[in-house]
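Okay, so the sequence shown: first residue is 6 according to the numbering used here, each after it adds one.
Okay, structure first, notes after.
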Amino acid sequence: MERKQTQMILGRRLAKDSPEVKHFQRKSSVVPFGRDGRAATNFTCWTADCPAVKADPTLVFAKCIVVGGSMDTQLELEQVDPPARGTFTVAPTDVFNANELIEPETVDDIGYLPHTNVACVLDVLKSRFLRSIIYTTAEPLLVAINPFKDLGNTTDAWISTYRNASKPEMLPPHVFKTARAALEDLEGYKKNQSIIVSGESGAGKTEATKQIMRFFASASSEVRTTIQDTIMAGNPILEAFGNAKTIRNNNSSRFGRFMMLDVSSHRGIQHGSISNFLLEKVRVVSQEANERSYHIFYQLLKGATSEMRAKYHLRSLKEYAYLNGKNGGCYDVPGIDDKADFEEVLQSLDAMQITGSKRHSVFSILSGLLLIGNVSIEGKDAQGVPDAAYISPQSEEILEEACQLLSVDDAALKKEILVKSTKVGPQVIEGVRTKAEAKTSVLSLSKNVYDKLFDWLVRQLNSLIDAPDGMPNFIGILDIFGFEVLEVNSLEQVLINITNEYLQKHFIDVVFDMETKLYQAEGVPTEALEYTDNLALVGALCGKNDSFFALLEDACLGIRSTDEGFCGTILRRLEPSGFFLESRRDKRLKFIIRHTIADIEYTCEGMLEKNKDFLRKEVMDVMKASTDPVTKALFEGIEIEAGKIGKGTLIASRFLKNLEEMIGIVAQTEAHFIRCLKPNEEKKPLGWNGSKVLNQLFSLSILEALQLRQVGYAYRRNFSEFCSHFRWLDLGLVNSDRDRKEVAQLLLEQSGIPESSWVIGKTMVFVKPDAAKELSILQREKLMCFQPLIGVLGPMWRKVLLRKKMARVIHFLTRLESNARRHLEPDSINISPEEREALLSGMERPRNPCVVVKKRVEPERAPPTKVLSLSRARLSLSKELPRNYAASNEALDVDDTMSVDTDAFLRLKMKRSPNENYLRQTALARLKERRPSHVCMEEAYHVWRSVELLFREPLSDKRLQNICTVIRNDMDQHYGFFWQVIINRTPNFGMAATHIHGSLHVVEQEGMYRDGRQFLFHLIMYKTRKPRKEEIRLHERAAEKTYGICRKRDFSGIVRVMNSKVPPYMQKDVSYLIGMLFQRYQYTRDWTNFATCIQSYLIGRYSEPFGGAWNVVAQEGAFFLSRLWTKHSRFLRVEIDFPALAEQASSEPCPGCPTPVLTVVCFEACAPDRP
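Now the structure itself:
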């Protein structure tokens, strides 16, 4: 079954049997059905017959999956990219395979994709392009897509990377990589190289060529680079005189050029030679709407000084007819500064040694050409000619001025414009010209003078860079447009497309030469390489007899030839060849040529006249008689017989001669190809238009290159890749330890495929396309047997993945939920009012139940807000938490005048402290004394400044507690969560810090109570973190040993739980442990080790997967900062009576105990992974 009989490619309908339809009408490579006819569901594919493409044709294809449709005649698809609801049916032949599990960034060569159909190629190119990867390989092509922005990938650093890489084959595709390959082959094999750069206008050909030359020119600065600098300086000249603004490109190169460079990897560009061809002469005298003539005219008129304007008789842009078409002129171009570019042109002229009189001649010729376009030719009845040409008096002054600039005789030129000379035997008969003939003569003069001026500039450049003894080896760079298809195609398009046909033939020869070498290197027979080229088409176009060029030359040399007659002759003589067809739209003046890439329609209207567009001998003699050396030199060596047109003098004939010479040179080189693509017409940075790119994939033969690689043993992979691709044919065999080459051979032998369809090479497996398709069918049949099992395992595996994903974030959600409950529902902590008052005020909890603590008058609170969702809780916290902090800080201090205002504190902190230098010196001194400090200088200074600001006034217990809160919040804000701040007023204090000593910092500070009593305390600050895995394993071992301790003693009456947020079993377990350890440490009073033992036990037994590290603080007396653990979701606070425990443990009382209470606080302290 074939696809649709016609396809809309290159903007028109294609005939059913047109060349590129083979890319669409060939049977799809999709294998959606097994041998029993069952459809493979969940099969990924591409199709153009879908709702998304119908809504937006620029998509070209959409990715879908097969969801049903068991009939062999149709598939039921669901669109997944772009996503859409619903299903639709498509014929299997309208569907292409999709490459699954392929990362486009890693696909440097699209030829090695499992599927290289047009949809897959477009998808890979688009994916890489949108990731700013503009270079991709399609061996032997380098595909370069114009990003219309500077990606920073052509800097000197990039050149250095590609030039100095020890393994350049490992580098990604780039024009620099192609340039280096050409340079290495030149020096390694001593064989001439060529780099062929092609693409449509605006695709970036000129930029690619400049970057290649920059790479070649990046030689050592110690080498003399005069010639190299001259070649590089020639680029602005060639661009100014050969580039123009078109609708599709603001800096379009309107000529082809072939540069031969003598290059060395150490000495750069040493010599060179440039050949130009196919300059668009007609642009000098007319342009389409929103287009410009060549840049040099606008640069001269905008950048000339007042002296130059007077010297060359320059006018404003609007006063020149040649620069103002039917719809007016286009004078300015976004992104182009004509005035600045003119300065660069002047510098380049200096580098090319075009100075003084030569430069004067160039600008005079340019000004003269513009002026001669203002000459108005009218018609009148004279000498029996009703429309005899004459020049109006006003225009005669303009013609005289133009001739003065061109340094030619104005009377002689006027005569040759108006008078026609006909040679009859030995006599020459003169007669008047018609108005149309005179205008044609003026236009022809302007076009040919500019064309010859461009040639002269190229000759001047070559005279400076040519090698005196010739170039033994060179690298050629061919910059040329690809196949060109316009709304109206005439002689110019014929010449361009014939050039590309020649290059296509050379390209096919290169591809199959590469294939032959690969087969020979792998020991594969080359008999399978059978291919057809376009040699017959080239013969029908350019052959000596019965070819398009031969008929064109005969028609131009004939006396009564007409465009209609020429069109009829082409169809009558060339239609039997099969490459020329009759046009369905206009059989009289149009015909179709079946090119390699498409059927292209041409018009014969004006084609004969264009082919004869050269100066008559009489006009040329006037130009040769010029008194200006440059003007005179333009036509040197050109001889034309008066009144006659000879073979070899026609435009097409001269072009074909130059083309064959150039192709002959290129054919003797080792070629490298760069294809430049234009992704959109709007020149939008990183904009993508799929249908436009698809057209260029055809016109630049990129798809043709991929198709050529399908000849013979098209599927070729190394042994490992082959085994991985077809592992489901025999999974046990592939997973074995046998050699990959042996495994690959066994897989092919077991498949039953004929041995003539595959070959085992030295490093690769070679399989013919039909055989590779058969392997895919066999593998899919085996996979379809697993389909019922996959329906069960798929959801189970997704469930496992979801659990793993939740396990990574559950501790964040848990903490957020607990914080939300605490702040939005304050009464959720189930403790008594007395304990809450003690926590908030920092007072000791009364042990005597008869003592009643005076309740504090709590401010009225709004009813708790119900947490509807986690996201709303987070939003509420982000807005209310700062205000709650400030409110709680003020409520903690009885005396409002002594409260700490957080906002005021932060504002004060922004000011420069008068004791700042002292504070910095103090912080540095403390660090040098090797006090327990592992924080950086900035953090240390930050804390000391905070302490200096907060301890300016007399203190109270409540104020100390408030200060700790403020410092903690300040450190959280500046250095991330969670910081802890503890104030210790007693010498007997212990804190387990085995997991946090990486950020511990201690500050000594003298304080003063309100009653005047002074005291010394330590401010201990640290930033928490999770323990590492090796730390947890150590804690687990310690916990196992500790767990084995006998627990016969009952400490429930002595170890009192003051407040807790841990499960009852854990509360009882930890209370037992604290009581036993207290027996060991009560006499030494080494509370740090006491706390460390408890901490190890807690981490080893109670560090849940979503939890964090435990920390323990022990202090003789009631714990001061009772709000420490309220930041955490799990905590436990107990108190132990010294006398009671001492009486139970021994008859002797505990000696030296200053207070009868030991307070122990255990809390889970952990910073989140991502604050």
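Think of the CB as a built atom: it goes at the ideal place given N, C-alpha and C, for glycine as much as any other residue.
A quick note: this is a predicted structure, and the numbers were derived from the prediction, not measured.
Please classify residue i as buried or exposed, where buried requires at least 16 neighbouring CB atoms within 10 angstroms.
{"i": "F486", "result": "buried"}
{"i": "W802", "result": "exposed"}
{"i": "G611", "result": "exposed"}
{"i": "T231", "result": "exposed"}
{"i": "P97", "result": "buried"}
{"i": "P581", "result": "exposed"}
{"i": "E709", "result": "buried"}
{"i": "H271", "result": "exposed"}
{"i": "T1203", "result": "Limits of the chain in this structure are 6 at one end and 1176 at the other, which puts residue 1203 out of reach."}
{"i": "Q1120", "result": "buried"}
{"i": "P634", "result": "exposed"}
Quick one, which of the options has its alpha-carbon nearest residue i's?
{"i": "D99", "options": "N467, T78, L130 and A89", "result": "T78"}
{"i": "R259", "options": "D234, G207 and G239", "result": "G207"}
{"i": "E641", "options": "R464, Q1100 and Q1087", "result": "R464"}
{"i": "K689", "options": "S366, D618, R253 and W1115", "result": "R253"}
{"i": "C125", "options": "E786, V65 and L176", "result": "V65"}
{"i": "R680", "options": "V289, L702, E686 and Q673", "result": "L702"}
{"i": "H365", "options": "R314, N379, K385 and L699", "result": "R314"}
{"i": "G239", "options": "G573, L462 and A1114", "result": "L462"}
{"i": "S495", "options": "F1083, E606 and F368", "result": "E606"}
{"i": "S298", "options": "I643, C969, N329 and R621", "result": "N329"}
{"i": "L156", "options": "K787, N104, V814 and L691", "result": "L691"}
{"i": "P119", "options": "K778, P473 and Q1100", "result": "K778"}
{"i": "M357", "options": "M237, L376, A407 and K385", "result": "M237"}
If you follow the beta strand (DSSP E) that residue i is in, where does it begin and where does it stop?
{"i": "W461", "result": "Unbroken run through W461 is the alpha helix (DSSP H), K440 to I470; no beta strand (DSSP E)."}
{"i": "F724", "result": "First-last for F724: F724 to H730, but that is the alpha helix (DSSP H), not the beta strand (DSSP E)."}
{"i": "V698", "result": "Taken as a continuous stretch (DSSP letters only), V698 belongs to no beta strand (DSSP E), being part of the alpha helix (DSSP H) at G695 to S704."}
{"i": "V100", "result": "V100 to N102"}
{"i": "K595", "result": "K595 to R599"}
If I measure Cβ to Cβ from residue i and keep anything under 6 Å in the same chain, skipping five residues before and after, which residues do I get?
{"i": "C1051", "result": "Here C1051 scores only 44 on pLDDT, less than 50, and its place in the model is too uncertain to base an answer on."}
{"i": "I150", "result": "F134, I139, L682 and P684"}
{"i": "K773", "result": "Y718 and S762"}
{"i": "Q198", "result": "A187, D190, L191, I480, T674 and E675"}
What does the alpha-carbon distance come out to for the pair residue i and residue j?
{"i": "L613", "j": "D415", "result": "30 Å"}
{"i": "V71", "j": "Q792", "result": "14 Å"}
{"i": "D337", "j": "K323", "result": "12 Å"}
{"i": "N539", "j": "E506", "result": "7 Å"}
{"i": "V350", "j": "I242", "result": "6 Å"}
{"i": "V95", "j": "Q84", "result": "12 Å"}
{"i": "G209", "j": "Q275", "result": "26 Å"}
{"i": "G373", "j": "T63", "result": "47 Å"}
{"i": "L752", "j": "W51", "result": "29 Å"}
{"i": "E205", "j": "E81", "result": "39 Å"}
{"i": "N1116", "j": "K804", "result": "35 Å"}
{"i": "E569", "j": "A387", "result": "31 Å"}
{"i": "I1104", "j": "T1097", "result": "10 Å"}
{"i": "C547", "j": "A294", "result": "34 Å"}
{"i": "K316", "j": "A443", "result": "29 Å"}
{"i": "L483", "j": "T214", "result": "9 Å"}
Between residue i and the rest of its own chain, which residues show a CB-CB distance below 7 Å, the 5 nearest in sequence each way excluded?
{"i": "I501", "result": "L283, F486 and E489"}
{"i": "Q1072", "result": "V1062, S1065 and L1137"}
Hey, could you find the ends of the alpha helix (DSSP H) residue i is sitting in?
{"i": "R185", "result": "V180 to Y194"}
{"i": "T235", "result": "T231 to G247"}
{"i": "K615", "result": "M612 to N616"}
Kindly list the residues whose CB is nearer than 8 Å to the CB of residue i, restricted to its own chain and excluding five residues on each side of it in sequence; keep chain order.
{"i": "G749", "result": "Reading the sequence as shown, one finds Ala at residue 749 and not Gly. If we look at A749 and ignore the five residues flanking it on each side, its Cβ neighbours are F724, F727, C728, I765 and V770."}
{"i": "E244", "result": "T211, N256, S258 and H300"}
{"i": "L542", "result": "E506, F584, R599, H600 and T601"}
{"i": "P530", "result": "Y524 and V764"}
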